[in-house]
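Numbering (this note's numbering), first residue to last: 384 to 563.
What follows is the structure, given as structure tokens:
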């Protein structure tokens with residue numbers, strides 16, 4: 384889909400920088416700036432759906448991680464943190480709120496009495512099933528702004544780029560070695 388509107392926000396910023404700092408290559412802003420703005424807009428659109436279910440983005444992620452686990456829909460808090468990419472401290476706050484709302488329960492682990500297990504409740508499962516269905520409709524609506532070919536190409540490009548960025552981050556940590 385060709386867009387014939389006037390220069391966008393990022394293009395105007397780049398033009399300003401080219402005028403003020405012609406010695407600096409500002410072309411990366413064309414991709415990074417637009418991805419950043421798009422991510423912000425997409426987050427706003429996605430959060431509207433979460434909000435209709437009384438959930439924050441993080442709480443939605445926790446319920447999804449539990450639902451994706453399959454029956455009996457439970458995981459240890461550390462495992463939940465890994466599946467949602469947040470710290471265990473942030474995870475604890477999310478679990479507290481979801482527990483107060485009756486969407487999850489906590490119990491001692493059968494394997495390790497010191498450990499805890501977080502489980503989706505019946506109402507939590509019903510809620511996340513409804514919310515996830517609407518979430519997928521919303522994502523489809525957003526993605527339908529692209530042609531199927533554009534969406535497929537974009538997914539392939541983003542998959543490759545993300546893989547390289549994540550690989551580089553792992554290599555960087557590996558090279559720096561343990562800290563004492």
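Ideal placement from N, C-alpha and C gives every residue a C-beta, glycine not left out. It should be emphasised that the depicted structure is a prediction, and the values quoted were computed from it without experimental measurement.
- Within its own chain, the residues whose Cβ lies closer than 6 angstroms to the Cβ of residue 466, once the five positions on either side in sequence are excluded, are 448, listed in chain order.
- By the neighbour-count criterion, in which 16 or more other beta carbons inside 10 Å mark a residue as buried, residue 454 falls on the exposed side.
- Annotated as distal: residue 517 and residue 445, with beta-carbon spacing of 9 angstroms or more.
- Contact between residue 428 and residue 510 is absent: CB atoms are separated by about 20 angstroms, not below the 8 angstroms threshold.
- Measuring C-alpha to C-alpha distances from residue 469 to each of 490, 506, 539 and 441 identifies 441 as the nearest.
- For the 9 angstroms CB-CB criterion, residue 502 and residue 489 form a contact.
- Residue 542 carries a helical assignment under DSSP once its states are collapsed to helix, strand and coil.
- Excluding the 5 residues flanking it on each side, residue 461 has same chain C-beta neighbours closer than 7 angstroms at 471, in chain order.
- Residue 489 sits in a strand when the DSSP states are folded into three classes.
- Per DSSP, the unbroken beta strand (DSSP E) holding residue 499 starts and ends at 499-503.
- Annotated as proximal: residue 409 and residue 401, with beta-carbon spacing under 9 angstroms.
- Beta-bridge partners assigned by DSSP to residue 435: none are found.
- In this structure, residue 515 keeps its C-beta atom at 9 angstroms or more from the C-beta atom of residue 458.
- Burial of residue 393 is indicated by the presence of at least 16 other C-beta atoms within 10 angstroms of its C-beta.
- Our two residues, residue 398 and residue 418, have alpha carbons roughly 18 angstroms apart in a direct line.
- Residue state for residue 404 is assigned as coil, using DSSP reduced to three classes.
- Beta-bridge partners of residue 457 (DSSP): 502.
- Distance from the CA atom of residue 527 to the CA atom of residue 519, rounded to whole angstroms, is 12 angstroms.
- Here the C-alpha atom of residue 531 lies approximately 27 angstroms from the C-alpha atom of residue 443.
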